Every structure is written in C-alpha cells, then in structure tokens.
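Read through the structure below, which is laid out as structure tokens, and then see the notes.
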Amino acid sequence: MSKILLLNAGSSSVKWKVFKLSNEELVAEGEVERINTPKAQISVKYDGKKYESIEPDLGYESAVRLILKKIEEFKIASLNEISIVGHRVVAGGRRFTKATKITPAVLEEIKNLKDFAPLHNPHEARYIELMQKILPNVDQYAVFDSVFFTDMPEMNAIYSLPYELTEKYGIRRYGEHGISHSYLSKRAAEILDKPLEDLKMITLHLGSGASAAAIKDGKAFDSSMGFTPLPGLTMGTRAGDIDPAIVPFLMEKEGKSAENVMELLNDKSGILGISGFSSDMRDIEAKWVQGDERASLAREIFINRVVKYVGSYFAELGGIDALVIAGGIGEHQIDLRFDLLKELECLGIQVDEQKNQANQEGIISPNGSAIKTLLVPTNEELAMVRQIKQDM
144 MSKILLLNAG SSSVKWKVFK LSNEELVAEG EVERINTPKA QISVKYDGKK
194 YESIEPDLGY ESAVRLILKK IEEFKIASLN EISIVGHRVV AGGRRFTKAT
244 KITPAVLEEI KNLKDFAPLH NPHEARYIEL MQKILPNVDQ YAVFDSVFFT
294 DMPEMNAIYS LPYELTEKYG IRRYGEHGIS HSYLSKRAAE ILDKPLEDLK
344 MITLHLGSGA SAAAIKDGKA FDSSMGFTPL PGLTMGTRAG DIDPAIVPFL
394 MEKEGKSAEN VMELLNDKSG ILGISGFSSD MRDIEAKWVQ GDERASLARE
444 IFINRVVKYV GSYFAELGGI DALVIAGGIG EHQIDLRFDL LKELECLGIQ
494 VDEQKNQANQ EGIISPNGSA IKTLLVPTNE ELAMVRQIKQ DM
C-alpha cells in the first residue's frame with residue numbers, strides 16, 4: 144500500500160511520521176533529537192509501543208538514513224512503498240500559496256527565502272536535498288507554514304514603513320506555524336460542531352517556538368510572528384518582541400555585528416536567556432517548583448506575553464467564541480496552562496481544574512461557559528498530508 148513520509152526538520156532534530164496515503168491513517172512516528180552531539184536520541188512509536196535508543200555522533204545525512212533504516216527495520220514500510228516525501232518548510236513568502244511539488248527551481252526559491260526564516264529554511268532545504276539523494280525516484284513536496292497567513296488583512300499584514308519599501312522588498316507579517324494554526328482552527332470547529340466560518344477564535348501554538356493567531360471568518364486575521372519567526376511571544380531561545388533600537392545599541396556597546404546580534408536574539412534569548420540555564424519549559428517548571436528566581440521570572444514572562452496577545456486579539460476580534468491551546472508546552476505543561484488561563488478570567492475565559500488535569504483533547508472550560516477553552520493536540524503532519532493530496 145502506498146505510503147507518505149512526512150519530515151518536520153529543525154536545526155538539531157527531525158520529527159517524522161508515516162501515513163497510508165489512501166485513508167490518511169497514521170502508521171508510525173518518531174524523532175531524532177540532539178543531532179550533531181555526542182549522543183543523539185532516537186524514538187520510534189509503532190504498533191502501540193515506543194522504542195528509544197542513543198546513537199553516537201549523528202550528522203544530518205546519517206540521521207535521515209537512520210530514519211529510513213528504522214522504517215524498514217520495524218516493518219513500518221518498505222522503501223518501495225513510500226511514494227511521496229513531504230517536508231515542512233517555514234517560509235514560502237508570497238511566492239508559495241499551497242503545497243508544491245519540489246523541482247530544482249522550487250528548491251532554489253526555498254533557499255532564496257532564507258531571509259524570511261534564517262533558522263529554518265536552510266535546514267529544511269538540506270533535508271530536501273538529502274532525501275532527493277537517498278530516494279531519487281520519489282516525489283518530494285514542500286508544505287509551507289506561511290500559506291495560512293497569505294490572505295491576512297493588509298492592516299495586520301504590513302508594517303508602518305514607507306509603503307514603497309513594503310512593496311519593493313515584500314516586507315510584511317508572514318506569520319509562521321500556519322500548518323498548526325490551520326489544523327487547530329478546523330479541529331476546534333469539529334469539536335464544537337459549528338462551521339469554522341461562524342467562529343471567532345484565538346489559537347495558541349505554545350512550544351519552544353510559540354505563536355498566537357487570531358481567526359475570523361475561517362481565515363487568519365492576525366499573527367504574533369512577523370517578517371521572520373523571531374517576533375511575538377517569548378520563546379525557547381527567541382526573544383520575541385523587542386525595541387528594534389536594541390539591535391544597533393548592542394552592536395555599539397558589545398562590539399557585535401548585526402549578524403551577531405541577530406544570532407543572540409534567535410539562539411540565546413527567550414527562556415534560555417532569562418533563566419540562564421535552559422530553553423526547555425520542563426526544566427523551567429522543575430526549577431520553578433523549587434523556588435528558583437530566574438526560572439520563575441522566565442515562566443512569568445512567558446505567561447505574560449501570551450496574555451498580552453490574547454487580550455489584544457480579543458479586542459481586535461470584538462470578543463471570541465473559543466480559545467485553543469496546543470504545542471509542546473500547551474499540551475503537556477498542565478500547571479502552566481492552568482495558571483495562564485486563570486490570568487485570562489477577566490475576559491470571560493475560564494478553565495475547569497479537573498478537565499485541565501485530565502489533559503485530554505476537548506473542551507476544558509466549565510460547562511455552560513460562553514467562551515469555550517479547548518485543548519487540541521496539534522497534528523501538523525496530518526494537515527500536511529491533506530494539503531499534499533489536494534495538489535497531487
């Protein structure tokens with residue numbers, strides 16, 4: 144049976160899932176973490192079981208080859224059964240507005256869009272090239288995170304720059320995590336049993352990368368991310384919103400180049416920069432429980448920035464029908480999610496403590512709440528499968 148392999152690649156990890164192409168059934172999934180470190184972590188979930196192992200010194204190509212080896216080793220699929228490989232690509236700019244079959248010209252354009260996602264597009268292009276090398280006869284598709292925000296209203300999409308520069312260089316708020324936000328809005332509408340077009344909602348993708356989106360009339364209305372994935376919420380290593388004058392200030396005071404400062408804002412700020420020891424909210428929560436001041440401050444700032452965006456989107460939308468929470472932090476950090484939602488009670492957003500603790504997909508607000516609060520585990524890969532099938 145024909146199968147599709149989805150890759151969601153980052154700078155030091157790659158997640159993968161295998162689906163049956165005909166009925167979109169998930170066959171297996173896994174992840175390779177800590178690539179280019181002495182001990183890469185490997186996980187495979189298949190047939191109701193999870194298998195974990197450690198591999199020494201995995202580079203990018205060896206990680207891809209290991210994934211394919213595991214797929215065959217666990218009899219998830221033979222390589223001959225894989226008819227399509229899909230790749231999540233963060234930045235498609237204005238050029239790509241749907242899932243796209245990868246040709247040499249398309250790959251070159253993905254590379255050229257690196258200015259819009261400097262941490263992501265180069266790595267994603269590398270994985271595309273590796274898969275083309277290993278499976279040269281298999282069709283490869285790119286699914287773009289930015290597509291969902293393509294039709295965002297211009298008042299939210301463009302910055303208050305001279306309009307000529309906006310037009311000349313395509314400077315606008317492209318948003319990211321669009322695959323996730325699109326899935327979350329549709330899944331929330333299914334759970335609520337209401338047409339998506341009739342709902343006003345805010346979706347929160349809260350992970351190491353974090354973003355908020357406002358949804359109106361079934362479409363993206365606003366996004367916390369911008370020209371690149373750097374602005375918006377406080378993230379694992381990204382600073383989120385800052386005064387742009389800080390960039391030349393640090394260049395002068397620290398003797399850094401613009402590239403150095405951008406690296407600092409992308410790789411060494413956020414939760415990591417505030418806490419001083421970790422970008423992982425699991426570590427922050429553990430230290431917060433122990434009363435660590437810097438961990439507590441990082442947690443407080445993370446919650447505060449989410450609250451600010453939810454409040455502004457609430458006003459922008461004129462009230463909401465639903466708030467949807469997802470992402471690694473949103474789905475698994477139960478105490479943080481509860482504390483975050485309690486901060487939003489003034490807007491009529493509520494959380495039922497028992498439902499929150501149960502940590503199951505569905506409505507976690509009290510029965511009868513006017514605004515529905517939902518926990519919805521995101522499924523970017525399933526959304527990717529559906530987008531690819533539409534373009535086949």
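With this note's numbering applied, the sequence shown closes on residue 535, and no number is skipped along the way. Note that CB positions come from ideal geometry on N, CA and C, so glycine has one too. All values derive from a computational prediction rather than experimental measurement.
Specify the secondary structure class of residue i as computed by DSSP and reduced to three states.
i, result
"Glu-204", "helix"
"Phe-364", "strand"
"Leu-150", "strand"
"Ala-171", "strand"
"Ser-351", "coil"
"Arg-97", "In the structure displayed, the chain extends from 144 to 535; residue 97 sits before or after that span and is not available."
"Leu-256", "helix"
"Asp-435", "coil"
"His-266", "helix"
"Glu-406", "helix"
"Ile-531", "helix"
"Asp-423", "coil"
"Met-378", "coil"
"Gly-511", "coil"
"Gln-476", "coil"
"Arg-316", "coil"
"Lys-311", "helix"
"Val-494", "coil"
"Ala-220", "coil"
Assuming the contact rule is C-beta atoms closer than 8 Å, residue i and residue j should be a hit. Round their C-beta distance to whole Å, please.
i, j, result
"Val-228", "Val-281", "6 Å"
"Ala-465", "Leu-335", "6 Å"
"Ala-234", "Asn-264", "5 Å"
"Ala-363", "Ala-356", "6 Å"
Using DSSP's beta-bridge definition, name the partner residues of residue i.
i, result
"Tyr-284", "Gly-229, Lys-244"
"Ser-196", "Ile-185"
"Thr-346", "Ala-356, Val-467"
"Lys-97", "Any question about residue 97 goes unanswered here, given that the chain covers just 144 to 535."
"Ile-506", "Leu-517"
"Lys-163", "Lys-146"
In its own chain, which residues sit with a C-beta less than 7 Å from the C-beta of residue i, not counting the 5 before and 5 after it?
i, result
"Arg-448", "Leu-376, Thr-377, Gly-383"
"Pro-338", "Ala-332"
"Gln-500", "Ile-477"
"Pro-509", "Gln-493, Asp-495"
"Met-527", "Leu-149, Gly-229, Arg-231, Val-286, Ile-322"
Tell me which same chain residues have a C-beta within less than 6 Å of the C-beta of residue i, skipping the five on either side of it?
i, result
"Gly-369", "Arg-316"
"Phe-287", "Val-232, Gly-235, Phe-239"
"Ala-152", "His-266, Glu-267, Tyr-270"
To which residues of the same chain is residue i closer than 8 Å at the C-beta, ignoring the five residues directly before and after it?
i, result
"Asp-478", "Glu-428"
"Lys-359", "Lys-343, Leu-460"
"Gly-413", "Thr-377, Met-378, Gly-379, Thr-380, Arg-381, Ala-382, Gly-383, Ser-422"
"Val-453", "Ile-345, Leu-347, Ala-355, Leu-466, Leu-487, Leu-490, Ile-492"
"Ser-156", "Glu-174, Val-175, Glu-176, Arg-177, Ile-178"
"Val-450", "Leu-483, Glu-486, Leu-487"
Practice task
Indicate whether the contact test is met: 3 or more Cβ pairs, each with one atom in the region 313-333 and one in the region 424-437, closer than 8 Å.
Solution key: no
Practice task
May I ask you to verify whether the region 320-327 touches the region 286-298, counting CB pairs closer than 8 Å and requiring at least 3?
Solution key: yes
Handout entry: Touching by the beta-carbon criterion (3+ pairs, under 8 Å), the region 236-245 and the region 152-163
Key = No, the region 236-245 does not touch the region 152-163.
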